[in-house]
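Here's the structure we're looking at; comments come further down.
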Amino acid sequence: MRSSASIRRAALVLAAVAVLAGCRQDMHDTPRYEPFEASTFFADGRASRAYPIGTVARGQLRADDHLYTGRVNGEFAETFPFAVSHAEMARGQQRYNVYCAPCHGQIGDGNGMVVQRGLRQAATYHQDRLRGERIGYFYDVITNGFGAMQGYAEQVPVRDRWLIAAYIRALQLSQHAPLEAVRPGDRPRLDQTPEEQLAPPPTAATGH
Numbered sequence: 027m028r029s030s031a032s033i034r035r036a037a038l039v040l041a042a043v044a045v046l047a048g049c050r051q052d053m054h055d056t057p058r059y060e061p062f063e064a065s066t067f068f069a070d071g072r073a074s075r076a077y078p079i080g081t082v083a084r085g086q087l088r089a090d091d092h093l094y095t096g097r098v099n100g101e102f103a104e105t106f107p108f109a110v111s112h113a114e115m116a117r118g119q120q121r122y123n124v125y126c127a128p129c130h131g132q133i134g135d136g137n138g139m140v141v142q143r144g145l146r147q148a149a150t151y152h153q154d155r156l157r158g159e160r161i162g163y164f165y166d167v168i169t170n171g172f173g174a175m176q177g178y179a180e181q182v183p184v185r186d187r188w189l190i191a192a193y194i195r196a197l198q199l200s201q202h203a204p205l206e207a208v209r210p211g212d213r214p215r216l217d218q219t220p221e222e223q224l225a226p227p228p229t230a231a232t233g234h
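Take the sequence shown: its position 36, counted from the start at 1, is 62 in this note's numbering, and no numbers get skipped.
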């Protein structure tokens, strides 16, 4: 026969197991309601409540249509929603080279590296239609995509999308600028070859 001590130890072990099982149950299924859990408290049987109409998450109001949609009164904007500095233009160039140049090319002619490797021809920014488009149009296409191009809203923040659009406009001007837009002192360089333009200026002769 088992001793009374053995029986007591077995009883203690069983009691401990029962207590631990009860603790695990409490931790495993907490009193709070989980998302989409059923509830008898509300008439529709759902614990989760629908948000009131018009609820907007903090930081996601986006009341500025010009900034977030590229439109003013439903039409593509002709202006930027903020002033673009020289440093920000450099940021736009850097973002353009990351996200756009592989298809559209370094100068925006639609002949990027992936096109040279045999993929679908990308649009050139130097066609008459796109030279005449408002700046909000480019922001919209970057955001939502167009044709075979996907939207980049997930990859590129709002401000960077505007800066890319600004750089695209600069590329268009660089390839199709009127003579009046060139400073008089720089106009003679237009007739030079690329090699001549990159050559250092001649040094003035000095007498002895």
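Backbone N, C-alpha and C define an ideal beta-carbon position, used for all residues, glycine too. All of these numbers come straight from a predicted model, not from anything done at the bench.
Taking its Cβ as the centre, do 16 or more other Cβ atoms sit within 10 Å of LEU3, making it buried, or is it exposed? With the chain covering only 27 through 234, there is no way to say anything about residue 3.
Taking ALA148 and GLY138 to be in contact with their CB atoms under 8 Å, please state how far apart those CB atoms are, rounded to whole angstroms. 6 Å
Determine the contact status of ARG160 and PHE102, defining contact as a CB-CB distance below 7 Å. Yes, the pair counts as a contact, with Cβ atoms nearer than the cut-off.
Tell me whether the beta-carbon of GLU63 lies closer than 7 Å to the beta-carbon of ALA73. yes
Taking only the alpha-carbon atoms, compute the straight-line gap between PRO78 and PRO61 and give it to the nearest angstrom. 17 Å
Is it right to say THR71 is buried, meaning 16 or more other beta carbons lie within 10 angstroms of its own, or is it exposed? Checking the sequence, you will find Gly at residue 71 rather than Thr. That one is exposed.
How about GLU114 and LEU189: are their beta carbons less than 7 Å apart? yes
Straight-line CA distance for GLY173 to PRO107? 26 Å
Spatial neighbours of TYR94 within its chain, please: CB distance less than 7 Å, with the 5 preceding and 5 following residues excluded, ordered by chain position. ARG88 and VAL184
For my contact list, VAL182 and ILE168 are in at a C-beta cut-off of 8 Å; report their separation, rounded to the angstrom. 7 Å
How many whole angstroms separate the CB atoms of GLY131 and HIS152, which I take to be in contact at a CB cut-off of 8 Å? That pair is no contact at about 10 Å.
Looking at the structure shown, is ALA64 part of a helix, part of a strand, or coil, going by DSSP? strand
Sequence-distant residues of the same chain with beta carbon closer than 6 Å to VAL98, five excluded per side: Excluding sequence neighbours, VAL98 sits near HIS92.
Over what stretch of residues does the alpha helix (DSSP H) that includes TYR125 continue unbroken? Where TYR125 is concerned, the enclosing alpha helix (DSSP H) starts and stops at 112-125.
With a threshold of 16 other CB atoms inside 10 Å of the CB of LEU38, please say whether the residue is buried or exposed. exposed
Helix, strand or coil for MET27? Go by DSSP, reduced to three states. For MET27, the predicted model reports a pLDDT of 49, less than 50, meaning its position is unreliable; a value from the coordinates is still stated below. In this structure, MET27 counts as coil in the three-state DSSP scheme.
Could you please give the first and the last residue of the uninterrupted alpha helix (DSSP H) stretch that includes THR81? Note, THR81: premise wrong, no alpha helix (DSSP H); not H, not E.
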